[in-house]
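Under this note's numbering, the first residue of the sequence shown is numbered 2, with each subsequent residue one higher. Taking it in order: structure first as structure tokens, then the write-up.
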Amino acid sequence: METPKQFTAVLKGGMMPTPQLFTSVRKIGIVRDGKVAFASQEFTPEGEVLPDGTEVIVHLVNGPGATRISFESKAEREAFEEWREREWARRRQAEEAERARLAEERRIRQEAVVADLKERVPFNWTSGIKVVYSGVLEHSSLTGMNRRSVTHIATLDDIACGRLKRKAEQFLCDTDNGKMFAHLDRDGEPLCPTCPKCLEIVERLIRHPKLTIAPKDDAPSAPGP
Ligand SMILES: [Zn+2]
Numbered sequence: 002m003e004t005p006k007q008f009t010a011v012l013k014g015g016m017m018p019t020p021q022l023f024t025s026v027r028k029i030g031i032v033r034d035g036k037v038a039f040a041s042q043e044f045t046p047e048g049e050v051l052p053d054g055t056e057v058i059v060h061l062v063n064g065p066g067a068t069r070i071s072f073e074s075k076a077e078r079e080a081f082e083e084w085r086e087r088e089w090a091r092r093r094q095a096e097e098a099e100r101a102r103l104a105e106e107r108r109i110r111q112e113a114v115v116a117d118l119k120e121r122v123p124f125n126w127t128s129g130i131k132v133v134y135s136g137v138l139e140h141s142s143l144t145g146m147n148r149r150s151v152t153h154i155a156t157l158d159d160i161a162c163g164r165l166k167r168k169a170e171q172f173l174c175d176t177d178n179g180k181m182f183a184h185l186d187r188d189g190e191p192l193c194p195t196c197p198k199c200l201e202i203v204e205r206l207i208r209h210p211k212l213t214i215a216p217k218d219d220a221p222s223a224p225g226p
């Protein structure tokens, strides 16, 4: 839909424009005898004019010389505004639907990653985030978890594989004790790990022939070489 067509009209030379023209309220005039009547003043159209009886919205136009107004059909303006409201609502709904669709796609993709890892990873594991001493999440603002915080894999068994050794509740990617383990899951199911380093290490562990796994707090039964 197009914006309403704009026309212009001028006040007869030498006349003082009515103060009402300068207010910010919507100014409604009417086309009468081929002229625009507003607040007991008449403005002469500079070109085309709308049919007699048409209600018009009047805007003051700043410029040299004559007091000039622009005017447009009130009905057209209202129809345009209604259309624009509907269009905005329609777009908002479409955007929300698209966001929901993408979120659902992401959820399905992440569930598939978790299911695949649960099938292939030979030790007990969970997902977790890193918390620094102050209790603040790594890479987060004070007000809560940053969306960009990555989800790590933490082993729930003591595992050893060559030089790589992890105690239960340590992250695969990091043994820094300054970063506490904070368990994070959804209804007991691990969240999808997103830490690239954890994902790389877990693949290495899955493939490694000499991985040893001991339940938590037990010494590894056969430490790796
Ligand atoms: Zn990690």
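Glycine included, each C-beta is placed from N, C-alpha and C at the ideal position.
| message | So for R33, helix, strand or coil by DSSP? | response | strand
| field | Sequence-ordered residues whose beta carbon comes within less than 7 Å of a heavy atom of ligand 1 | value | V151, H153, I154, F172, L173, C174, D175, C196, K198, C199
| field | Alpha-carbon to alpha-carbon, P210 and E170 | value | Taking the straight line from one Cα to the other gives about 23 Å.
| Hey, how far is the Cα of R121 from the Cα of A215? | 17 Å
| task | Identify which residue in R108, I70, L173 has its Cα closest to the Cα of S128. | result | That would be L173, whose Cα lies nearest to the Cα of S128.
| query | Can you tell me the Cα-Cα spacing of T9 and F39, whole angstroms? | reply | 13 Å
| task | Go through its chain and collect everything with a Cβ distance to R33's Cβ below 7 Å, but skip five positions before and after it. | result | D53
| message | Closest to D186 by C-alpha separation, out of I160, S25, W126, G48, would be which residue? | response | When each option's Cα is compared against that of D186, the closest is W126.
| message | Assuming T152 and L192 are in contact, meaning their beta carbons sit under 8 Å apart, how far apart are those beta carbons, in whole angstroms? | response | Between L192 and T152 the Cβ distance is about 5 Å, and since that is below 8 Å, they are a contact.
| message | Below 8 Å on the Cβ atoms is my contact criterion, and I expect Q7 with E73 to pass it. Report the Cβ-Cβ distance as a whole number of Å. | response | 5 Å
| message | Bridge partners for D159 per DSSP, in chain order? | response | A215
| How many Å lie between F124 and L212 at the Cα? | Between F124 and L212, the C-alpha separation is close to 9 Å.
| Helix, strand or coil at F81 [DSSP, three-state] | F81 falls in the helix class under three-state DSSP.
| Pick from G30, S71, R87 that is closest to D48, judged by C-alpha positions | The sequence given here has Gly at residue 48, not Asp. Cα-wise, what sits closest to G48 is S71.
| Which listed residue (A76, R27, P46) has its alpha carbon closest to that of T4 | A76
| query | Hey, is A161 close to ligand 3, as in C-beta under 7 Å from one of its heavy atoms? | reply | No copy of ligand 3 appears in this structure; the ligands present are ligand 1.
| said: Distance check for G14 and K36, CA to CA, integer angstroms please. | reply: 15 Å
| message | Taking the straight line between their C-alpha atoms, what separation do you get for E96 and A104? | response | 12 Å
| query | For the beta strand (DSSP E) that V59 lies in, which residues bound it at each end? | reply | 56-62
| request: Please name the residue in R91, P20, A80 whose C-alpha comes closest to that of H60. | output: P20
| request: Using the DSSP secondary-structure output, state which residues sit across from I70 in a beta bridge. | output: A10, L61
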